[in-house]
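K.L.:
In this note's numbering, the protein residues as written are 41 to 180. Mind looking over this structure? Questions follow.
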């Protein structure tokens, strides 16, 4: 089955506004999946991650801690997205191998960052390469 990888900007998760964009995007992901494609959506951490990292930096957290904090926020965003569609894998992969394994379920796979020192843009590109994705979209 052909794979589509979509990187979703962390700005999508500014939850002080309405959720119509999130609903539109997940509806589109559902349509892509129903048309016979495996779908991986990588959520960014956005402003929430940066705010938390800045707070932790003020308490002298090291870069590894800050990276992990950003990864955790992006995974929370991914977890929220699993509630927006009935055709999503409920587990959030933590490795490239898990992404590939979860794709075999034919459900939409939502994930966030995977590795410290790597942006979610890089994560999405690596997933696209590993899965030999037919299409890779970086939605900002």
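Beta carbons are placed, not taken as given, at the ideal position from N, Cα and C, and that holds for glycine. Note that the structure is a prediction, hence the values are computed from the model and not measured.
As an exercise, report each continuous beta strand (DSSP E) stretch of at least 3 residues that is fully enclosed by the stretch 82-159, in chain order.
P.N.:
Counting whole runs of 3 or more residues, the stretch 82-159 contains the beta strand (DSSP E) stretches 149-151.
K.L.:
Roughly how many angstroms lie between the CA atoms of residue 60 and residue 46, to the nearest whole one?
P.N.:
Mapped onto the chain shown, residue 60 falls at position 20. Mapped onto the chain shown, residue 46 falls at position 6. Rounded to whole angstroms, residue 60 to residue 46 spans 18 Å at the Cα level.
K.L.:
Have a look at residue 153 and residue 67 and give me their C-alpha separation to the nearest angstrom.
P.N.:
Numbered from its first residue, the chain shown carries residue 153 at position 113. Numbered from its first residue, the chain shown carries residue 67 at position 27. Approximately 23 Å, taken between the alpha carbons.
K.L.:
Give me the Cβ distance between residue 82 and residue 44, rounded to the nearest whole Å; I'm assuming they're in contact under 8 Å.
P.N.:
Your numbering for residue 82 matches position 42 in the chain shown. Your numbering for residue 44 matches position 4 in the chain shown. Going by Cβ atoms, the distance from residue 82 to residue 44 rounds to 12 Å, so no, they are not a contact pair.
K.L.:
Determine the DSSP secondary structure at residue 42, reduced to helix, strand or coil.
P.N.:
Locating residue 42 in the chain shown gives position 2, counting from the first residue. Looking at residue 42 - three-state DSSP - the assignment turns out to be coil, as it is neither helix nor strand.
K.L.:
Would you be able to state if there are at least three C-beta pairs under 8 Å between the stretch 129-136 and the stretch 69-76?
P.N.:
At 8 Å Cβ cutoff, the stretches do not touch.
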